[in-house]
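Asker: Dropping the structure in here first, questions after.
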Amino acid sequence: MTDLLKIEGLNTQFHTEAGIVKAVQDVSFSVKKGKTFALVGESGCGKSVTALSVMRLIPDPPGKVVGGRIFLNGSNLLELNEKEMRKVRGNRIAMIFQEPMTSLNPVYTIGDQIVEAIRLHQKKDPESSWREAVEVLRRVGISDPERRVYEYPYQMSGGMRQRVMIAMGISCEPELLIADEPTTALDVTIQAQILDLLDELKERNRMSVLMITHNLGIVAERADDVAVMYASRIAEMADSQTLFMNPLHPYTRGLLESLPKLGEQVDRLAAIPGNVPNPLNFPSGCKFHPRCPICEEDPRCLEIEPLLEEKEPGHYAACWKV
Amino acid sequence: MNNSLTKKSDWGTSYGELVWNEFKKSRLSVACLIFIIFLFIVAVLAPFLANDKPYFIVIEGKTYFPLFRGLKATDYSVFLATFTAIVLLLLIRHNRRTLDPSVRGGVLIKQVGAAAGILLTGIIVIQVLVPHRLDAQDYKSMIASGRAEKAVFAPIPYGYARTDLQSREQPPSPEHWLGTDDVGSDVLCRLIHGSRISLSVGFVAVGISSIIGIIIGAILGYFGGRVDFIGMRIVEIMMAIPTFFLIITIVAFFPRSLFNIMFIIGITSWTGDARFIRAEFFKLRGQDFVLAARSLGLPLRSILFRHMLPNGITPVLVNATFGIAGAIFIEAALSFLGFGVAPPTPSWGQMLSLGVSTTGRFLWWLTLFPGLAIFFTVLSYNLVGEALRDAIDPRLRE
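Sequence lines, in order, name chains A and B.
Using numbering that gives the first Met the number 0, the first residue of the first sequence is number 0, and each one after it goes up by one.
Using numbering that gives the first Met the number 0, the first residue of the second sequence is number 0, and each one after it goes up by one.
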């Protein structure tokens, strides 16, 4: 299986008045062709920054990709100039965002917005682009697309808008779709529909998906491979079956234990003690050690940051104790 | 072009229709818009409304048309521009009814291009072909002396450049409805002709300053950082220079022409617009739809002016209404100081300044009527601007 997207040692920083925030540190993973890769973690752990780094859309200043390489089909995206990068965005990598209510421009009809992307990347005339916009809306399951293309975002519900966002994303048949928490803002039934749609489109277009989420349920059901991020680093990475069956890193275990289970009567849900560390002031050594149940004041955990190692074949974890 | 892709009933409402539907909910703003349109009609038809030459006159059995013969190249240019604008508006209306929204954009660009071409060549042809005639005949005395049998005059039968030293500084009377000024010209006539100057100064100056302000503000706001820092210092330097004195200085070096005044007001008053647009773009550039537009690989031009600008243009629109008012005032002040348009060309500000006459009398009709004209024009622009702001803002729509 070939890698479509390969990230090596990605480092992204933000220069703020309070100091340098290392939002992504030494992140490496690869997304295989036609597969779904999930990036899981709490808010602020660097998932979205990783995705924006791939798109080269980190707001600069204050942000900057300071190290690493991002290969798309073998070519390093970080070496492209802005003009070349524009041909990649939307055309080869598309991105959909968390908040469908604000991701569409309120002053244009959805048809206008889809057509603009089609005309830009496929150099088609307005007439056939418009036809294609109707087609792509039909493909994402919007009923009556001939009429809907002329509607404004405010005339649509959240689920519909997310479908429109997906339609814009897939209109140029990208090789990679980055979905940044695509279902967080939607209610549960719509969530399932949107995820089914993404799976279906992935199959049909032979597209890879980089899914960014904090919902472990989605990961278990939909992802082929998973990386768990904690405090700007990858804590554990494996295919999703292995990760859920045999979690190695104490953080992953904590996350899985804190999920409520059906049919089990408990007074309190299990929780990971403490809070996510402040990115301006990370703890020394392993960043998870103040909250870790298995660290037991081990001097290695307190002083040296563990690197991602292959603990079992295809199963990586960054922990001294496993 | 009319092989439509979908049913006409599916087209929905266009952006323009949405804005108009919101706009017309307020009666006051519609009234103000009607007043502004009325002013435009008056300005365009000024030579037909107030003229010392009759529409036609019969002298010894022969009919002459002095008013039409006396029209200047400027008048013909104004008529052509108005005609083109009306045709263009009708075409847009026609497009909306018959063309599919997917092809409207392309058709509109062609139509606007054609209209601009016709207008430009038309104006050049007019300037070349229409001779400058000087017709100093006094047609009224011809009627009085019985040389001419019959004549029909304009409703206000005075010329704006015609002086009449017998009737200087007269208060309003049945002959001169709004009185006369220091050289005996009819105030109403000069008011009507002055509307051309005031309207065009406002529009052209604000047009120039808005375009400069929008482009500079958009770049500063979108890029931020160092670009913004340097750009804002330039804006601040511009703001620190007292604009009015700069204008006076520049005007002193260049010939006194209306175009120079419009241009100078335009290039010195863009700082407000630049700051508004910069602030809006700061807010907008972090929004999801801008990020989404960038993630589609759209070029900078499209992101700045297609996706961000319509969402951030409202303060500039409102500011433009104040700007038009401001430009009218600056023109008035320049005319007052003798740097404005040269007499006998009438402008409201110049008339206002004649209120205190050289003889020391306070001529209230010379202050009141141009003052009211300026007041209502400025008020209408402001109210229309505010209504437009509310109508454009998608957040205020349900």
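Where is the CB? At the ideal position from N, CA and C, for every residue including glycine.
Which class does A/D25 belong to by DSSP, given the choice of helix, strand or coil?
Answerer: As a working note, residue 25 of chain A is residue 26 in the first sequence. DSSP places A/D25 in strand when its eight states are reduced to three.
Asker: Go to A/R68, then tell me how far its alpha helix (DSSP H) extends in each direction, as first and last residue.
Answerer: Numbered from its first residue, the first sequence carries residue 68 of chain A at position 69. Run containing A/R68: none in the alpha helix (DSSP H); it sits in the beta strand (DSSP E), G62 to L71.
Asker: With DSSP run on the structure shown, which of helix, strand or coil describes B/Y14?
Answerer: Here residue 14 of chain B is taken as the residue at index 15 of the second sequence, counted from 1. Secondary structure of B/Y14 (DSSP, three-state): helix.
Asker: Using the C-alpha atoms, what's the distance from B/L316 back to A/L215?
Answerer: If you number the first sequence from 1, residue 215 of chain A lands on position 216. If you number the second sequence from 1, residue 316 of chain B lands on position 317. Each residue's Cα considered, the two are about 48 Å apart.
Asker: Any Cβ of chain A within less than 8 Å of the Cβ of B/G354?
Answerer: Looking up residue 354 of chain B in the second sequence gives position 355. Closer than 8 Å: no.
Asker: First and last residue of the beta strand (DSSP E) that includes A/M210?
Answerer: The count along the first sequence starts at 1 and reaches residue 210 of chain A at position 211. Unbroken beta strand (DSSP E) run through A/M210: S207 to T212.
Asker: Measuring only the C-alpha atoms, how far is B/G216 from B/R274?
Answerer: Within the second sequence, numbered from 1, the residue matching residue 216 of chain B stands at position 217. Within the second sequence, numbered from 1, the residue matching residue 274 of chain B stands at position 275. Their Cα atoms are separated by approximately 6 Å.
Asker: From the DSSP output, in three-state form, read off A/G18 for me.
Answerer: Within the first sequence, the letter at position 19 stands for residue 18 of chain A. It is a strand residue.
Asker: Does any C-beta atom of chain B lie closer than 8 Å to the C-beta of A/P181?
Answerer: Taking the first residue of the first sequence as 1, we reach residue 181 of chain A at position 182. So, not an interface residue.
Asker: CB-CB under 6 Å to B/A204, same chain, minus the five flanking residues each way: which ones, in chain order?
Answerer: Locating residue 204 of chain B in the second sequence gives position 205, where the first residue counts as 1. The residues are M261, I264, G265 and A326.
Asker: Kindly list, in the order they appear in chain B, the residues whose Cβ is closer than 8 Å to that of A/H120.
Answerer: For the purposes of this step, residue 120 of chain A is taken as residue 121 along the first sequence, with counting starting at 1. Going along chain B in sequence order, the residues near A/H120 (Cβ under 8 Å) are G296.
Asker: According to a CB-to-CB cut-off of less than 9 Å, which residues of the segment 277-289 of chain B neighbour chain A?
Answerer: R284, G285, Q286, D287, F288 and V289
Asker: Using the C-alpha atoms, what's the distance from A/I233 back to A/E7?
Answerer: Locating residue 7 of chain A in the first sequence gives position 8, where the first residue counts as 1. Locating residue 233 of chain A in the first sequence gives position 234, where the first residue counts as 1. Looking at the two C-alpha atoms, the distance is approximately 12 Å.
Asker: Closer than 9 Å, Cβ to Cβ, to anything on chain A: give me those residues from the segment 215-242 of chain B, in chain order.
Answerer: G223, G224 and R225
Asker: What residues from the segment 45-67 of chain A come within 9 Å of chain B, judged by C-beta to C-beta, listed N to C?
Answerer: L51, M54, L56, P58, D59, P60 and P61
Asker: Within 8 Å (strictly less), CB to CB, does A/T101 reach chain B?
Answerer: Your numbering for residue 101 of chain A matches position 102 in the first sequence. Cβ-Cβ to chain B under 8 Å: yes for A/T101.
Asker: How do the segment 7-16 of chain A and the segment 57-75 of chain A stand: do at least 3 beta-carbon pairs fall below 8 Å, yes or no?
Answerer: yes
Asker: By a C-beta neighbour count over all protein chains shown, 10 Å radius and 16 as the cutoff for buried, is A/D186 buried or exposed?
Answerer: Working through the first sequence from its first residue, we reach residue 186 of chain A at position 187. Exposed, since its Cβ has fewer than 16 Cβ neighbours within 10 Å.
Asker: With a 10 Å radius around its C-beta and 16 neighbouring C-beta atoms as the bar for buried, classify A/N104 as buried or exposed.
Answerer: Here residue 104 of chain A is taken as the residue at index 105 of the first sequence, counted from 1. Flag for A/N104 reads buried.
Asker: Jot down the residue ranges of each uninterrupted beta strand (DSSP E) in the segment 45-132 of chain A, minimum 3 residues, whole runs only, in chain order.
Answerer: 62-71 and 92-95
Asker: Does B/F252 pass the burial test, meaning 16 or more other C-beta atoms within 10 Å, or should it be called exposed?
Answerer: Position 253 of the second sequence holds residue 252 of chain B. It is exposed - the Cβ of B/F252 has fewer than 16 other Cβ atoms within 10 Å.
Asker: Using alpha carbons as the reference points, say which of A/L176, A/N75, A/V265 and A/A230 lies closest to A/V39.
Answerer: Here residue 39 of chain A is taken as the residue at index 40 of the first sequence, counted from 1. Closest option to A/V39, judged by alpha-carbon separation, among A/L176, A/N75, A/V265 and A/A230: A/A230.
Asker: On a CA-only basis, which of A/F281, A/L119 and A/C291 is nearest B/A292? Give me that one, please.
Answerer: Position 293 of the second sequence, counted from the first residue, corresponds to residue 292 of chain B. Checked all of A/F281, A/L119 and A/C291; the closest Cα to B/A292 is A/L119.
Asker: Would you call the segment 182-196 of chain B and the segment 157-169 of chain B touching, i.e. three or more CB-CB distances under 8 Å?
Answerer: The segment 182-196 of chain B makes contact with the segment 157-169 of chain B; the number of CB pairs closer than 8 Å reaches 3 or more.
Asker: Measure the alpha-carbon distance for B/S379 versus B/F37 and round it to whole angstroms.
Answerer: As a working note, residue 379 of chain B is residue 380 in the second sequence. As a working note, residue 37 of chain B is residue 38 in the second sequence. Approximately 11 Å between the Cα atoms of the pair.
Asker: With a cut-off of 8 Å, do at least 3 Cβ pairs link the segment 379-392 of chain B to the segment 17-27 of chain B?
Answerer: yes
Asker: Among B/I391, B/D392, B/F375 and B/D389, whose alpha-carbon lies nearest the alpha-carbon of B/A30?
Answerer: Position 31 of the second sequence, counting from 1, holds the residue named residue 30 of chain B. If we check each option's Cα against that of B/A30, B/F375 comes out closest.
Asker: Below 8 Å on the Cβ atoms is my contact criterion, and I expect A/G110 with B/S294 to pass it. Report the Cβ-Cβ distance as a whole number of Å.
Answerer: Taking the first residue of the first sequence as 1, we reach residue 110 of chain A at position 111. Taking the first residue of the second sequence as 1, we reach residue 294 of chain B at position 295. Rounded, the Cβ-Cβ distance is 19 Å, inconsistent with contact.
Asker: Using a C-beta to C-beta distance shorter than 8 Å, which residues of chain B count as neighbours of A/G89?
Answerer: On the first sequence, residue 89 of chain A is found 90 positions in, with the first residue counted as 1. Those within 8 Å of A/G89 in chain B are S294, L295, G296 and L297.
Asker: Please report the residue range of the alpha helix (DSSP H) in which B/A390 lies.
Answerer: For the purposes of this step, residue 390 of chain B is taken as residue 391 along the second sequence, with counting starting at 1. Counting along the chain, the alpha helix (DSSP H) containing B/A390 begins and ends at W363 to I391.
Asker: Do you know offhand how far B/D99's Cα is from B/S208's?
Answerer: Position 100 of the second sequence, counted from the start, is the residue given in the question as residue 99 of chain B. Position 209 of the second sequence, counted from the start, is the residue given in the question as residue 208 of chain B. Using only the alpha carbons, I get a separation of about 35 Å.
Asker: To the nearest angstrom, report how far apart B/M403 and A/Q24 are at their CA atoms.
Answerer: The structure shown does not extend to residue 403 of chain B, since chain B spans only 0 to 397, so no value can be given for it.
Asker: Between B/E330 and B/V151, what straight-line distance do the alpha-carbon atoms span, to the nearest angstrom?
Answerer: As a first step, residue 330 of chain B is located in the second sequence; it is residue number 331 there, counting from the start. As a first step, residue 151 of chain B is located in the second sequence; it is residue number 152 there, counting from the start. Taken atom to atom, the span from the alpha-carbon of B/E330 to that of B/V151 is near 35 Å.
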